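S.K.: Per the working numbering, the very first residue in the sequence shown carries number 4; after that it's consecutive. Glycine included, each C-beta is placed from N, C-alpha and C at the ideal position. All values reported here derive from a predicted model rather than from experimental measurement.
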Amino acid sequence: MNGVLRCAVCDKPVDMIETVNDPMTWNRIFRAYCHGEVEEATISDLTIVDSLGIQFDTAFRRAKLERPNEKSTT
Ligand SMILES: [Zn+2]
4 MNGVLRCAVC DKPVDMIETV NDPMTWNRIF RAYCHGEVEE ATISDLTIVD
54 SLGIQFDTAF RRAKLERPNE KSTT
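#1: So, S47 versus N30, is the Cβ gap smaller than 8 Å?
#2: Could you check the C-alpha separation between V17 and P26 for me, to the nearest Å?
#3: According to DSSP, is P26 part of a helix, a strand, or is it coil?
#4: In angstroms, rounded to a whole number, what distance separates the CA positions of I32 and M19?
#5: To which residues of the same chain is K15 closer than 8 Å at the C-beta, ignoring the five residues directly before and after it?
#6: According to DSSP, is C10 part of a helix, a strand, or is it coil?
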């Protein structure tokens, strides 16, 4: 797994990434920790096999969109 997961809110790499294998579903769970929040993404084992070149993109994009304080009034 290559790439750096960047935080869309802080505009920097996230503080920590944790990967957990779910023994019930064989999915892999990625947790990105940043600015006191956790974003969790589940990737199925098939997805991992199919796309070995999978790369991290940006986390917390939704969080940024939902941030009410970021609205600029001009
Ligand atoms: Zn952040």
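M.R.: Once the coordinates are examined:
#1: Result yes, Cβ atoms of S47 and N30 sit closer than 8 Å.
#2: In a straight line, the C-alpha of V17 is about 26 Å away from that of P26.
#3: P26: coil per DSSP, three-state reduction.
#4: Near 14 Å, if we compare the C-alpha coordinates of M19 and I32.
#5: Same-chain partners within the cutoff: R9.
#6: In this structure, C10 counts as strand in the three-state DSSP scheme.
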